[in-house]
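Read top to bottom, the protein sequences are chains R and D. According to the numbering used here, the first sequence is numbered sequentially starting from 160. According to the numbering used here, the second sequence is numbered sequentially starting from 61. By construction, the Cβ of each residue, glycine as well, lies at the ideal position given by its N, Cα and C atoms. The block underneath contains the structure these notes are about, expressed in structure tokens.
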Amino acid sequence: MTVFRRLTWMSLLLAAFVVLPAAQGFSQQEDMDMDVVDQPGLVPDESVQLPPQFQRQVVLYRTNEPPGTIIVHTSERFLYLVQGNGRAIRYGVRVGREGFQWQGLLKITRKKEWPDWVPPPEMIKRQPYLPRFMAGGPGNPLGARAMYLGTTVYRIHGTNQPDTIGKAVSSGCFGMVNADVIDLYGRVPVGTKVVVRQRPSF
Amino acid sequence: MLKTSSLLTGGAIAMLVASVFVPVDVAGAQTLKAVKDRGSLTCGVSMGLPGFSNPDDKGVWSGLDVDLCRAVAAAIFDDAGKVKYVPLNAEDRFKALQSGKIDVLSRNSTWTMSRESEFNLSFAAINYYDGQGFMIRKSAKKDSALALGGSKVCVQSGTTTQLNLADYFRANNMTYQEMTFSDADSALKAYDSGTCDVFTSDISQLYSERLKLSSPNDHVILADVISKEPLGPAVKQGDSQWLEIVKWSHFAMLNAEELGVTSKNIDEALKSQKPAVKRLVGTEGAYGEQIGLTKDWAVRIIRQVGNYAESYDRNVGTGSKLGIPRGLNHLWSEGGIQYAPPIR
């Protein structure tokens, strides 16, 4: 109960401090991502295995959140899909770099296969060599699938750089290897609750 | 007259009570003094169990259980290195505590009722919730122990593991074929060669046994935990202050994790205005002093040993060869049952 109340409160905070400023100036319908490590055009070797701890696995996980909820532990670099009966499917993710991490409650508002990529103006300024538009496909930094979180610029998406899983390098998005994001995409509908947790600050 | 006599009686009772309890208290609180006089903590550990207590080729001990000893030493001496390790086999471990050969036993020992009563010892905390689980081949594509009906299971004979296995399958109306072996290594070899579909043991063991298989990555350990094996440090009964020191050393590491305090940001935490953080790091209150330590007792632990997550990851979790998921050992607020009372 307390956890739920706290989350509700945090989502209000989030709306006030994170979501609104972040959403300003961006069209919500465009596919954007601001990851500084992006390497557009790089086609990932999908046969490369992740380190064991970041491989998709069923783990013991007790929670009051109902089955079907996604819970991201930013500091652990894990995304859990609650299964009920005290277990969850755990995926390795890459998370926001320092200053680009956030927490709260959002819902998946849209799903897209092989999304197009439109680097936002801030990113073009920093990296003028980037394409203004890149059609969805194997070399696209957003990878095979994207799930949009609320009306924010944040997404759960695939990646063409499997070696970034487990690292804090993004601008607040959660990146997964394509095999994992395809697996997750098939399990969660639009409307799925996404709880993002961070290490508390002092 | 009547009043005086009752006062006298009351006074006599108070003195009696005092004379009974004060000496016990003084006699009981000797461990901390003895440790300080000696200049080091004597800690009973295993003969060598990777992840929990294990010496390297230079004789330097590390592990989750070793970190508990280092935390106690850090709290007392502000030096986590002031620990003398005494390797003990399963048979000698509790006697070593009784005889005073060691100050604390931190040796992957299961907390049971009879161990406390028969050996006059107290378990101080549970620093690792273990329990029996199952390992299967990834290719079996099963993610629940309830789907193991009809399997061939390799297990060590004459163990509680074998009994738990029987109970679990019976309770869930599943049949299985048991293949028993007198030692764990033979059972594992038989599983590796394909004699069995399933290998069962305590989950912490399954992760270290998996490393010995010809192709570890082809095997998964199921999330199910079918028995209770709470592992933790124990002390001799009769010194409540010492019990508190060991207990709160573990709780300090858990509370630090919950509050986001790590070995890396401890200096920042000292400047925190959050009341719970202030109480942990001693910028508010005198909690350490109340158990015979200093105000900065927890800071010493966190700086030198880290919080519970740091210790877990380094020794048995994602930063170690074992790679055991947190599971039951996650904080209560993050999917597990590790829970520390608050410092207040």
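For L291 (chain D) versus T170 (chain D), is the C-beta distance shorter than 8 Å?
yes
Give the range of the beta strand (DSSP E) segment to which L264 (chain R) is assigned.
263-272
Start and end residues, alpha helix (DSSP H) containing L54 (chain D)
The structure shown has nothing for residue 54 (chain D), since chain D only spans 61 to 404.
Taking the continuous alpha helix (DSSP H) assigned at M282 (chain R), which residues delimit it?
280-285
Burial state of M173 (chain D) (16 or more Cβ within 10 Å)
exposed
Determine the extent of the alpha helix (DSSP H) in which S300 (chain D) is found, giving its start and end residues.
300-319
So the beta strand (DSSP E) Y239 (chain R) belongs to, where does it begin and stop?
237-243
Rounded C-alpha distance that separates H310 (chain D) from Q398 (chain D):
11 Å
Starting from the beta carbon of Y220 (chain R), find every residue of chain D whose beta carbon is closer than 7 Å, and list them in chain order.
G395
Going along chain R, which residues have a C-beta under 9 Å from T335 (chain D)?
A small fix is needed here, since residue 335 (chain D) is Pro in this sequence, not Thr. Simply none; closest approach about 10 Å.
Helix, strand or coil for Y251 (chain D) per DSSP?
helix
Applying the criterion that 16 or more other CB atoms from any shown protein chain within 10 Å of the CB defines a buried residue, is V336 (chain R) buried or exposed?
buried
Pull out every residue of the stretch 369-385 of chain D whose Cβ sits closer than 7 Å to any Cβ of chain R, in chain order.
T378, G383, P385
Proximal residues of chain R, C-beta to C-beta of G320 (chain D) below 8 Å:
R358, P359, S360, F361
Per DSSP, which residues does Q297 (chain D) bridge with? Please list them.
DSSP, once it has assigned bridges, lists no residue as partnering Q297 (chain D).
Reducing DSSP to helix, strand and coil, say where D356 (chain D) ends up.
coil
What does DSSP give as the partner residues of T260 (chain D) in its beta bridges?
D:F194
Helix, strand or coil for I248 (chain R)? Go by DSSP, reduced to three states.
strand
So, at 6 Å on beta carbons, what are the nonlocal neighbours of I162 (chain D) in its own chain, with the 5 sequence-adjacent residues on each side left out?
T102, G104, V146, A156
So, does the CB of V217 (chain R) fall closer than 8 Å to a CB anywhere in chain D?
yes
Taking the alpha carbon of A185 (chain D) as the point to measure from, which residue in D:K338, D:R167, D:S332 has its own alpha carbon closest?
D:R167
Cβ distance (whole Å) where G377 (chain D) is taken to contact I263 (chain D) below 8 Å
That pair is no contact at about 13 Å.
Could you tell me whether the Cβ of V280 (chain D) comes closer than 8 Å to any Cβ of chain R?
yes
Starting from the Cα of L209 (chain R), find the closest Cα among R:T323, R:V354, R:G345, R:I341 and give me that residue.
R:T323
With which residues is W276 (chain R) paired in a DSSP beta bridge?
R:M293
Can you name, in chain order, every residue of its own chain whose Cβ lies under 7 Å from the Cβ of A250 (chain D), other than the five neighbours on each side?
C214, M239, F241, C256
From Q262 (chain R) to A140 (chain D), what distance separates their C-alpha atoms?
35 Å
Within the same chain, show all residues whose beta-carbon is closer than 8 Å to that of L248 (chain D), passing over the 5 residues directly before and after it, in chain order.
C214, F259, E269, K272, L273
Hey, does L172 (chain R) have any beta-carbon neighbour from chain D nearer than 8 Å?
Low confidence applies to L172 (chain R): its pLDDT is 39, below 50, so where it sits in the model is not reliable enough to give any reading.
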